[in-house]
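J.: This is the structure I want to talk about, given as structure tokens.
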DNA sequence: GATGAATGAGAGTTCATTCAT
DNA sequence: TATGAATGAACTCTCATTCAT
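Chains as they are written, first to last, in my numbering: chain G, 1 to 186; chain S, 1001 to 1186; chain H, 2001 to 2186; chain X, 3001 to 3186.
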């Protein structure tokens, strides 16, 4: 179990994603993050070796997070259409609810800093489920990477649209789920 | 007096996207950009009011660019499946060929700095074509935003995958196109 | 007679004192001055060798100016009290009317840049008049520098006060004139 | 952690007035000031929010200073002529001794930057003393602002003269005091 | 003569990081 | 452990000035 104050480590993590959402990566300085976290800049260096190190650490922690959330809500017992519905809806929900975290992961993932942080596109367990659905003849036998692409990417567009026009996004999401179901299910 | 040198403006634009690709937004300082462009840092301020202004200007210029490229290769005369094939393939090609530009647009689009730069998701002309295909009974009558989502987003995943595993991406792209065709065409 | 465009030279002179009044010496850059004068920064260097040179030149031109103005309104024919009244009133008037010029001369006079620009404290002709008044037994035989001090300095305070409290400054000036008259006249 | 070092704050204050005296307001850059103070430019920003803030703070601190000095040497117990003699002589002394401080206050007071820093022209206590002298029939019942003007302004001219011609300034000061006494005392 | 472009030098300021407590 | 002070390096940007037209 970790020494030091896990509350502080947490404050810093939250401050990082919050500041980056509000001000952008380029404006996320250690002092601003420290201030937002309610600690001294020096304290950041008690928990992380350097700023880059901190960002990488937090990225790795958060990048896998969504898959854990998804796993909590999914199982092989569901019928295929329900599975996809749940999957997409939970992902959408996650992006909306953890906007800061999602934004950070997307932004940092595009940085040279993140190269080398190997993030599984869909961790073992979820991959297994998808492939089992394929073996069961529920999902089409597409390249598993394309399955992932269809499950994760179009919904990002829906989120973006929902930020511009608050109103119709729920209907849009419902329709999108239907499209994906038709595309992936046999 | 000297006239403003369009070559210099261009060098700066290219330097911006190049440096941001190589070093990331947060490391793209005016001096690095100027050095890459072969001009003095002060010269940048002859062409742009501020760094932010420069990024915004270049963003606006480039963000619409892809749509022009797509328009050049697409027309209502094509059969629906060919249209989608061309659309997705051209987009993929564009991302690969203008990696720097695409990366810059994606990264900057996620910055608070870009808020307010209103970029049409698909400009009039392309929108018209899609809707005409719908009227002709070729494309399904989905929300036009969902059509865009399916045409633009999954392919991004394919590009990302292609960066990790050089080999099979062509096959993956072909398959993805087929999936999208099935999803969108009647 | 000077070549070049005296209109431009004049614009620059006016721009200098105006910008310095509005923004302060430290913010009076060549480009701002040029913009205020409606000329190009390069044009300034057609008329002056350098910025410092320009400031010095203009200082010398303006610093003596007040004495010319005073001379226009004063002569040895006046009774002593009228002379002092006119003197002080004209000086007050000048400070108010040519606020920019006065401010510039006061500010620049305090700069190391101005050291070496020898400005007579009261040029010959005015000095002569004062000494003649002394010889005539009208003015007390004080050190001529003290006469100057009494004629020029207290009124500056009155101007400053008048900027803070618009109302009573006229009465204050009248009283001040009376005080000076009593102090200097036999 | 380290405590804020009052020695450093002091060094900076002294450096500000020194550099401004030697090089002028417009040449008083933060780096020059920092170098003169023996600290890093960044350290200046530990003690002050900005350069302007620093100048304003120091101005406010120093601008009132002379009145404290004067108060230390003056009291209502003196006969009127002695009071004026002391007052003017102490002021003269102060200007000579704290040349840097006086110069800074005068220069900065003429800057747009100083607008809003409300400095009392003569703080309560000294004002009270002057008015008491008036009530006692010692000082003439002139507008109190004119009293201040006579006590503070002419002596500035004497100081300026003394810088040009080292020799006779003592006699000039003595005479000036006498003039002021005659002007203000009943 | 007049100008806008161009720039090295330097402005004010913030950065990531270390130090002393 | 935790901190505010301290700083060299780097930031964005403006300066005074020169150059090419």
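Quick reminder that beta carbons are idealized off the backbone N, C-alpha and C, glycines included.
Using a Cβ-Cβ cut-off of less than 8 Å, list which residues of the segment 2093–2119 of chain H approach chain X; keep chain order.
T.: Of all residues in the segment 2093–2119 of chain H, 2103, 2106, 2107, 2110, 2111, 2112, 2113 have a Cβ within less than 8 Å of some Cβ in chain X.
J.: Whose C-beta lies closer than 8 Å to the C-beta of residue 3088 (chain X) among residues of the same chain, with five residues either side of it excluded?
T.: Excluding sequence neighbours, residue 3088 (chain X) sits near 3151, 3155, 3173, 3176, 3177, 3180.
J.: Would you kindly work out how many angstroms separate the C-alpha atoms of residue 2063 (chain H) and residue 2011 (chain H), rounded to a whole number?
T.: Their Cα atoms are separated by approximately 18 Å.
J.: Just list the residues that DSSP pairs residue 2139 (chain H) with in beta bridges.
T.: Partner(s): H:2185.
J.: Which bits of chain X does residue 2182 (chain H) rub up against, with CB to CB less than 7 Å?
T.: What residue 2182 (chain H) touches in chain X: 3183.
J.: For residue 2141 (chain H), I'd like the list of residues in its chain whose CB is within less than 6 Å of its CB, leaving aside the five on either flank, ordered along the chain.
T.: Taken in chain order, the residues that qualify are 2134.
J.: What is the DSSP secondary structure of residue 151 (chain G), counted as helix, strand or coil?
T.: It is helical.
J.: Contact defined as beta carbons within less than 8 Å: I believe residue 110 (chain G) pairs with residue 1107 (chain S). What is the distance between those atoms, to the nearest angstrom?
T.: At roughly 5 Å, the Cβ-Cβ gap stays under 8 Å, so residue 110 (chain G) and residue 1107 (chain S) are in contact.
J.: For residue 24 (chain G), does the three-state DSSP call read helix, strand or coil?
T.: Residue state, collapsed to three classes: coil.
J.: Quick one: list the residues of chain S neighbouring residue 156 (chain G), beta-carbon separation under 7 Å, in chain order.
T.: Simply 1153.
J.: Quick check on this structure: which residue in S:1170, S:1046, S:1101 has the alpha carbon closest to the alpha carbon of residue 1201 (chain S)?
T.: Outside the shown range of chain S (1001 to 1186) lies residue 1201 (chain S), about which nothing can therefore be said.
J.: With a cut-off of 8 Å, does the C-beta of residue 142 (chain G) fall near any C-beta of chain S?
T.: Chain S, which has a Cβ nearer than 8 Å to the Cβ of residue 142 (chain G), makes this yes.
J.: For the segment 1033–1075 of chain S, list the alpha helix (DSSP H) runs that are entirely contained and at least 4 residues long, ordered along the chain.
T.: The segment 1033–1075 of chain S contains these whole alpha helix (DSSP H) runs: 1041–1047, 1051–1063, 1065–1073.
J.: Residues of chain G with CB under 8 Å from residue 1023 (chain S), in chain order?
T.: Within 8 Å Cβ-Cβ: 112.
J.: Can you tell me which of the three DSSP states residue 3005 (chain X) falls into?
T.: Looking at residue 3005 (chain X) - three-state DSSP - the assignment turns out to be coil, as it is neither helix nor strand.
J.: Please state whether DSSP places residue 95 (chain G) in a helix, a strand or coil.
T.: Here residue 95 (chain G) sits in helix by DSSP.
J.: Distance check for residue 3005 (chain X) and residue 3026 (chain X), CA to CA, integer angstroms please.
T.: Straight-line Cα distance between these residues: approximately 28 Å.
J.: When the distance is taken between beta carbons, is residue 3020 (chain X) closer than 8 Å to residue 3115 (chain X)?
T.: Against a cut-off of 8 Å, the Cβ pair of residue 3020 (chain X) and residue 3115 (chain X) comes out as no contact.
J.: List, in order along the chain, the chain G residues whose C-beta lies closer than 8 Å to that of residue 1145 (chain S)?
T.: Under the 8 Å cutoff, chain G gives 157, 158, 161, 172.
J.: Among S:1058, S:1082, S:1086, S:1059, which residue has its Cα nearest to the Cα of residue 1069 (chain S)?
T.: Minimum Cα distance to residue 1069 (chain S) is reached at S:1086.
J.: Hey, residue 1048 (chain S) and residue 1008 (chain S) are a contact pair by Cβ (cut 8 Å); roughly how many whole angstroms apart?
T.: No, residue 1048 (chain S) and residue 1008 (chain S) are not in contact; Cβ-Cβ is about 11 Å, not under 8 Å.
J.: So residue 1158 (chain S) packs on residue 149 (chain G), CB below 8 Å; how close in whole Å?
T.: 6 Å between Cβ atoms; contact.
J.: Go ahead and label residue 1164 (chain S) buried or exposed: buried means 16 or more other beta carbons lie within 10 angstroms of its beta carbon, across all protein chains shown.
T.: Its Cβ having fewer than 16 others within 10 Å, residue 1164 (chain S) is exposed.
J.: Taking 8 Å as the cut-off, decide whether the C-beta atoms of residue 3036 (chain X) and residue 3043 (chain X) are in contact.
T.: In this structure, residue 3043 (chain X) does not lie closer than 8 Å to residue 3036 (chain X) by Cβ.
J.: From X:3153, X:3050, X:3075, pick the residue whose C-alpha is nearest to that of residue 3127 (chain X); which is it?
T.: The option with the nearest alpha carbon to residue 3127 (chain X) is X:3075.
J.: Within 10 angstroms of its Cβ, does residue 3084 (chain X) collect 16 or more other Cβ (buried), or is it exposed?
T.: The residue in question, residue 3084 (chain X), is buried, as its Cβ has 16 or more Cβ neighbours within 10 Å.
J.: Taking only beta-carbon positions, decide if residue 1175 (chain S) is within less than 8 Å of chain G.
T.: For residue 1175 (chain S), the answer is yes, since a Cβ of chain G falls inside 8 Å of its Cβ.
J.: So with Cβ pairs under 8 Å, would you call residue 3179 (chain X) a contact of chain H?
T.: With 8 Å as the cut-off, residue 3179 (chain X) counts as an interface residue toward chain H.
J.: Given a limit of 9 Å on CB to CB distance, which residues of the segment 6–30 of chain G reach chain S?
T.: Here the close residues are 21, 22, 23, 24, 25, 26, 27, 28.
J.: Do you know whose CA, among X:3113, X:3105, X:3169, lies nearest residue 3053 (chain X)'s CA?
T.: Considering only alpha carbons, the answer is X:3113.
J.: Please work out which residues of its chain come closer than 8 Å, Cβ to Cβ, to residue 2001 (chain H), disregarding the five sequence neighbours upstream and downstream, and give them in chain order.
T.: Because residue 2001 (chain H) carries a pLDDT of 44, less than 50, the predicted location of this residue cannot be relied on, and the following value inherits that uncertainty. Answer for residue 2001 (chain H): no residue qualifies.
J.: Any Cβ of chain S within less than 8 Å of the Cβ of residue 149 (chain G)?
T.: By this cut-off, residue 149 (chain G) is an interface position.
J.: Kindly list the residues whose CB is nearer than 6 Å to the CB of residue 3041 (chain X), restricted to its own chain and excluding five residues on each side of it in sequence; keep chain order.
T.: Taken in chain order, the residues that qualify are 3030, 3031, 3034.
J.: Could you compute how far the alpha carbon of residue 3078 (chain X) sits from the alpha carbon of residue 3130 (chain X)?
T.: Distance between the alpha carbons of residue 3078 (chain X) and residue 3130 (chain X): 12 Å.
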